[in-house]
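Report on the structure given below.
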Amino acid sequence: MTKIQNITILGSTGTIGVNTLDVIARHPQRFRAYALTANSRIEPLLEQCRQFNPVYAVVLNADAAETLRGQLRREGLATEVLCGPDALELVSSLPEVDAVMAAIVGAAGLRPALAAARAGKRVLLANKETLVMSGRLFMDAVRTGGATLLPIDSEHNAIFQVMPANAPDGLEAAGVSKILLTASGGPFRKATMDELSQVTPAQALNHPNWVMGPKITIDSATLMNKGLEVIEAHWLFAATPSKIEVVIHPQSVIHSMVEYMDGSVLAQLGNPDMRTPIAYALGYPERISSGVGALDLFKIARLDFEAPDTVRFPCLRLAFEALQRGDTAPAILNAANEVAVQAFLADKIAFMDIPRLIEDTLCSVSVGEVLQLEDLIAVDQEARQVAMSWIEACV
Ligand code: NAD
Ligand code: MG
119 MTKIQNITIL GSTGTIGVNT LDVIARHPQR FRAYALTANS RIEPLLEQCR QFNPVYAVVL
179 NADAAETLRG QLRREGLATE VLCGPDALEL VSSLPEVDAV MAAIVGAAGL RPALAAARAG
239 KRVLLANKET LVMSGRLFMD AVRTGGATLL PIDSEHNAIF QVMPANAPDG LEAAGVSKIL
299 LTASGGPFRK ATMDELSQVT PAQALNHPNW VMGPKITIDS ATLMNKGLEV IEAHWLFAAT
359 PSKIEVVIHP QSVIHSMVEY MDGSVLAQLG NPDMRTPIAY ALGYPERISS GVGALDLFKI
419 ARLDFEAPDT VRFPCLRLAF EALQRGDTAP AILNAANEVA VQAFLADKIA FMDIPRLIED
479 TLCSVSVGEV LQLEDLIAVD QEARQVAMSW IEACV
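Just so you know, we're using the working numbering here: the sequence shown kicks off at 119 and counts up by one.
In structure tokens, the structure reads:
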């Protein structure tokens with residue numbers, strides 16, 4: 119019998135975290151939820167501790183940790199409660215942990231994901247911001263740490279599934295001519311410029327195909343999500359920007375494609391449910407059940423494709439430009455975007471201010487080389503300051 123794998127889930131109370139626990143619960147002989155982590159909401163984490171009885175639970179805030187500790191003790195549960203960012207790094211690198219699901223949202227996920235890579239874990243990477251901010255550092259840590267990196271983002275998971283095994287030697291050696299990254303186009307695919315300027319947070323939070331956390335849902339509406347994914351694909355598959363093409367595919371049935379030099383195009387299809395890429399990465403290289411139903415092609419009946427419009431959706435252009443610029447430019451883009459999305463959700467700026475704010479921040483903060491993690495943390499802070507001043511000047 120194979121040994122049970124101990125899994126740390128960073129961000130277990132989020133959409134990806136909950137879906138991961140759903141798959142784990144289907145395979146108690148294979149996986150154990152070893153450490154679960156959340157930001158500050160302890161209610162859902164407490165419920166997860168009752169159901170999965172993890173060895174560790176981590177919350178960011180010390181008061182919330184104390185409350186959780188007291189409640190677990192009263193219920194006679196043995197889970198040890200830790201708190202703070204260092205504890206996130208600890209549960210990502212403990213020797214008894216086999217795999218780490220990196221599913222914290224935003225830049226906060228970077229340090230623990232890096233810790234997992236350095237510790238040579240099997241890293242299931244949902245937190246795309248890690249690769250956007252620190253692509254080179256993170257990929258180096260994966261190599262030197264001897265980690266196995268498996269993409270969870272549905273597009274990158276799809277590409278990974280249809281990429282040949284010898285792709286690490288470069289796309290050309292593998293006969294790949296292009297990566298076709300599909301995008302649903304979000305809820306405003308057909309909106310005019312005028313309509314886009316009136317978009318409310320409630321409208322933007324209503325994604326047509328996927329159920330996701332608020333930040334990535336707004337990113338999907340601006341197409342910044344696809345922009346971040348272009349940068350993610352660049353690092354994961356060593357693809358130059360010219361080899362990555364975004365294809366709008368409103369049905370979200372094809373999760374991405376790889377075009378080969380002989381004219382073949384390989385695609386991965388499935389219902390839009392994150393449990394498929396999660397189960398693929400958890401079980402890899404074996405296939406395991408995920409709870410996702412079979413694809414009904416007769417019901418889907420048709421698949422449509424269109425080119426993206428970077429005039430109505432400038433975030434996609436900005437991400438390509440930041441990738442071309444390199445160095446700290448993608449980290450500046452990421453920080454400005456995080457601030458912009460929060461401000462939009464708080465009704466402080468308009469939907470079309472999001473790309474404006476990002477572009478202005480990219481123009482104001484000087485781009486430099488990334489030699490170490492501290493360079494990224496410094497530029498992330500600087501870009502956030504600049505973006506916040508922009509918002510203050512605007513309200
Ligand atoms: P979410 O908002 O639903 O969940 C985020 C999780 O991170 C929660 O558990 C929250 O408690 C935790 N968290 C938030 N801020 C934190 C902080 N400062 N410190 C520690 N923990 C913190 O987000 P999600 O939709 O599950 O997305 C998670 C990540 O996965 C994102 O990077 C997103 O881009 C990526 N992703 C998500 C999907 C999806 O379908 N939801 C698909 C592809 C990629
Ligand atoms: Mg995606």
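Even glycine gets a Cβ: it sits at the ideal position worked out from N, Cα and C.
In this text, all values refer to a predicted model and were calculated from it rather than measured experimentally.
For residue 441, decide whether its Cβ has a neighbour in chain C, counting only Cβ atoms nearer than 7 Å. As a matter of chain content, chain C is missing from the structure shown, which is built from one protein chain.
List in chain order the residues whose CB is within less than 6 Å of at least one heavy atom of the ligand MG. 271, 272, 273 and 347
Straight-line CA distance for residue 142 to residue 343? 27 Å
In three-state terms, what does DSSP make of residue 297? strand
Inter-residue spacing [alpha-carbon to alpha-carbon] between residue 458 and residue 337: 10 Å
Cβ of residue 300 within 6 Å of any heavy atom in the ligand NAD? no
How big is the Cα-Cα spacing for residue 507 and residue 473? 16 Å
Cα-Cα separation between residue 489 and residue 253, rounded to whole angstroms: 12 Å
Less than 8 Å between the CB atoms is what I'm expecting for residue 279 and residue 386, so what's the real figure, rounded? 5 Å
Can you tell me which of the three DSSP states residue 322 falls into? helix
Under 6 Å from any heavy atom of the ligand NAD, does the C-beta of residue 304 make it? no
Rounded to a whole number of angstroms, what is the C-alpha to C-alpha distance between residue 332 and residue 324? 10 Å
Residue of 447, 468 and 464 minimising C-alpha distance to residue 482: 447
Skipping 5 residues on each side, what residues in its chain have a beta carbon closer than 6 Å to that of residue 202? none
Short check: CB of residue 302 to CB of residue 275, under 7 Å? no
Does DSSP classify residue 307 as helix, strand or coil? coil
Exposed or buried, what is residue 418 when buried is set at 16 or more other beta-carbons lying within 10 Å of its beta-carbon? exposed
Should residue 409 be listed as close to the ligand NAD, given that the test is whether its C-beta is under 6 Å from any heavy atom? no
At the level of alpha carbons, what is the spacing between residue 454 and residue 126? 29 Å
Exposed or buried, what is residue 433 when buried is set at 16 or more other beta-carbons lying within 10 Å of its beta-carbon? buried
Report whether the distance from the Cβ of residue 243 to the nearest heavy atom of the ligand NAD is below 6 Å. no
Which value, in whole angstroms, describes the spacing of the CA atoms of residue 153 and residue 177? 11 Å
Answer yes or no: the CB of residue 472 versus the heavy atoms of the ligand NAD, is any distance below 6 Å? no
By DSSP, does residue 252 sit in helix, in strand, or in coil? helix
Figure out for me which residue from 357, 219 and 349 has the closest Cα to the Cα of residue 395. 219
Inter-residue CB distance, residue 124 and residue 216 (contact presumed, cutoff 8 Å): 5 Å
In angstroms, rounded to a whole number, what distance separates the CA positions of residue 173 and residue 376? 41 Å
Could you tell me which residues DSSP pairs with residue 386 in its beta bridges? 374
Confirm the yes/no value for this check: CB of residue 218, any heavy atom of the ligand NAD, distance under 6 Å. no
For the region 342-357 against the region 435-452, do three or more pairs of beta-carbon atoms, one drawn from each stretch, fall closer than 8 Å, so that the two count as touching? yes
Are the CB atoms of residue 424 and residue 366 nearer to each other than 7 Å? yes
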